[in-house]
Amino acid sequence: MNAVVLVVAALLLLSPMVTVSSPVHFGEALVVLGGVAAMLVANAVLLRVGLAPLKRLSRAMTAADLLRPGKRPAVTGHGEVAALIGTFNAMLDRLESERATSSARALSAQEAERRRVARELHDEVGQTLTAVLLQVKRAADRAPEPLREELSAAQETTRASLDEIRRIARRLRPGVLEDLGLVSGLRALAGEFSESGLTVRHRFDGDPPRLGQDAELVVYRVAQEALTNAARHAGVGCADLELRCAPDAVELVVRDAGRGMRGATEGAGMRGMRERALLAGAHLAVAAGPAGSGTEVRLRVPVRTLPADRTTATAHDGTPTSQGAPT
Numbered sequence: 575m576n577a578v579v580l581v582v583a584a585l586l587l588l589s590p591m592v593t594v595s596s597p598v599h600f601g602e603a604l605v606v607l608g609g610v611a612a613m614l615v616a617n618a619v620l621l622r623v624g625l626a627p628l629k630r631l632s633r634a635m636t637a638a639d640l641l642r643p644g645k646r647p648a649v650t651g652h653g654e655v656a657a658l659i660g661t662f663n664a665m666l667d668r669l670e671s672e673r674a675t676s677s678a679r680a681l682s683a684q685e686a687e688r689r690r691v692a693r694e695l696h697d698e699v700g701q702t703l704t705a706v707l708l709q710v711k712r713a714a715d716r717a718p719e720p721l722r723e724e725l726s727a728a729q730e731t732t733r734a735s736l737d738e739i740r741r742i743a744r745r746l747r748p749g750v751l752e753d754l755g756l757v758s759g760l761r762a763l764a765g766e767f768s769e770s771g772l773t774v775r776h777r778f779d780g781d782p783p784r785l786g787q788d789a790e791l792v793v794y795r796v797a798q799e800a801l802t803n804a805a806r807h808a809g810v811g812c813a814d815l816e817l818r819c820a821p822d823a824v825e826l827v828v829r830d831a832g833r834g835m836r837g838a839t840e841g842a843g844m845r846g847m848r849e850r851a852l853l854a855g856a857h858l859a860v861a862a863g864p865a866g867s868g869t870e871v872r873l874r875v876p877v878r879t880l881p882a883d884r885t886t887a888t889a890h891d892g893t894p895t896s897q898g899a900p901t
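Going by my numbering, the sequence shown opens with residue 575, and the numbers climb by one from there.
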């Protein structure tokens with residue numbers, strides 16, 4: 575456009591139709607200034623139109639978050655601008671794929687370490703405390719009356735420590751989830767929090783479709799983290815835990831009527847929930863409750879077709895539980 579304007583101006587100045595007087599006449603000055611103004615306006619319009627895709631790309635770069643995948647700027651513009659946006663989208667796809675892979679490996683290693691620690695607590699520390707408890711009990715039975723009270727107090731302290739060790743082992747390795755399925759695991763989780771002081775009102779819509787071992791563990795861990803946040807930060811004594819079932823998805827909802835996030839930045843626990851949601855291909859939303867207060871955590875896990883060779887085991891209550899390769 576600049577070249578066209580300059581060529582046209584040069585041809586007009588060289589032609590006999592346009593003359594420049596000395597001194598310059600008012601009409602001639604108006605023509606020159608009008609041409610300059612027209613050229614500046616044309617440049618401004620063209621630059622705004624041409625650089626608009628780059629502004630959208632800049633906003634997309636600023637808002638990009640690998641924990642909230644899927645958003646891509648539209649490929650608009652021409653030439654290098656369109657190529658730049660396409661390259662950025664391809665880079666986001668690659669980064670999200672690599673992040674999902676690395677998160678899956680890290681979470682898998684974390685769960686394996688939790689199982690190992692839980693097994694050590696149960697098999698080593700638990701059995702040692704049980705032996706100590708029996709020895710203290712035998713000593714208390716044979717001890718004289720003044721010493722018997724002290725040994726009974728030591729016995730109660732050892733029993734409380736043993737119960738705490740077992741509770742920690744259950745939270746590290748949800749055996750109910752592995753043995754009886756998702757609903758039983760969530761019901762046991764609600765019972766544990768209720769025993770620790772947070773009343774959990776739970777409601778489950780029937781039997782959910784099979785999600786696979788990894789996806790069910792993701793749902794359980796998100797519920798566990800959400801209830802932990804409610805117990806620590808909400809400042810209320812109760813929370814709601816719901817599991818809603820649909821033909822194509824399973825939705826977990828954890829809600830409290832406490833203080834809410836109040837603009838606070840997301841901590842490690844919230845980032846961990848988002849990483850787990852990415853691992854299961856699920857969508858996680860954290861927002862205020864329906865009444866505008868409290869916090870609501872909503873996890874929607876799509877139901878996927880499981881492999882045909884996946885084996886099925888029978889739980890203690892007769893319900894089938896899926897075992898085998900993760901989905």
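For every residue, glycine included, the Cβ atom is placed at its ideal position computed from N, Cα and C. The structure presented is a predicted model; accordingly, all values stated were derived computationally and were not measured.
Across the set Glu-724, Val-757, Gly-653, the C-alpha of Val-757 shows the shortest separation from the C-alpha of Leu-817. Among the bridge pairs identified by DSSP, Val-774 is matched with Ala-813. Boundaries of the alpha helix (DSSP H) around Glu-730: 719-746. Relative to the Cα of Arg-741, the nearest Cα in the group Pro-718, Leu-695, Gln-701 belongs to Leu-695.
Only exposed fits Val-578, as fewer than 16 other CB atoms lie within 10 angstroms of its CB.
By the neighbour-count criterion, in which 16 or more other beta carbons inside 10 Å mark a residue as buried, Ala-705 falls on the exposed side.
Using a Cβ distance threshold of 8 angstroms, Val-827 and Val-877 do not count as a contacting pair.
The bridge partners DSSP lists for Asp-830 are Thr-869. If you look at Val-860, you'll find it in the beta strand (DSSP E) that goes 857-861. With contacts defined as CB atoms closer than 8 angstroms, Gly-863 and Arg-829 qualify as a contacting pair. Between the alpha carbons of Glu-752 and Glu-672 lies a gap of roughly 29 angstroms. Around the beta carbon of Val-796, 16 or more other beta carbons sit within 10 angstroms, so the residue counts as buried. The residues Ala-862, Ser-867, Gly-868, Thr-869, in chain order, have a CB closer than 7 angstroms to that of Gly-834 in the same chain once the five nearest residues on each side in sequence are set aside. In the structure shown, the three-state DSSP call for Glu-840 is coil.
Here Glu-825 is bridged, per DSSP, to Arg-818, Arg-874.
Residue environment for Ala-854: buried (at least 16 other C-beta atoms within 10 angstroms of its C-beta).
Remark: C-beta atoms of Pro-627 and Thr-593 do not approach each other more closely than 8 angstroms. In this structure, the beta-carbon distance from Ser-735 to Leu-703 falls below 8 angstroms. Rounded to whole angstroms, the separation of the alpha carbons of Glu-840 and Met-575 is 50 angstroms. Between the alpha carbons of Gly-780 and Val-875 lies a distance of about 16 angstroms. Under the three-state reduction of DSSP, Ala-680 is assigned to helix. Counted as a single uninterrupted DSSP element, the stretch harbouring Val-598 is not any alpha helix (DSSP H), since DSSP gives it neither H nor E.
Note on geometry: alpha-carbon atoms of Ala-692 and Glu-724 lie some 31 angstroms from one another.
The shortest C-alpha to C-alpha distance from Glu-799 to any of Arg-777, Cys-819, Val-750, Ala-851 is the one to Ala-851. Here Val-792 is near Ala-856, since their CB atoms are less than 8 angstroms apart. A residue is called buried once 16 or more other Cβ atoms fall within 10 Å of its Cβ, and Phe-767 is buried on that count. Nearest neighbour of Asp-788 by Cα position, chosen from Ala-678, Asp-639, Leu-604, turns out to be Ala-678.
Burial state of Arg-747 is buried, judged by a 10 Å Cβ sphere holding 16 or more other Cβ atoms. Under the three-state reduction of DSSP, Val-649 is assigned to coil, being neither helix nor strand. Within 10 angstroms of the beta-carbon of Glu-790 lie 16 or more other beta-carbons, which makes it buried.
In this chain, the alpha helix (DSSP H) harbouring Arg-712 covers 700-716. Just measuring C-alpha positions, the residue of Thr-802, Asp-822, Met-844 sitting nearest Ser-770 is Thr-802. For Val-796, the enclosing alpha helix (DSSP H) starts and ends at 787-803.
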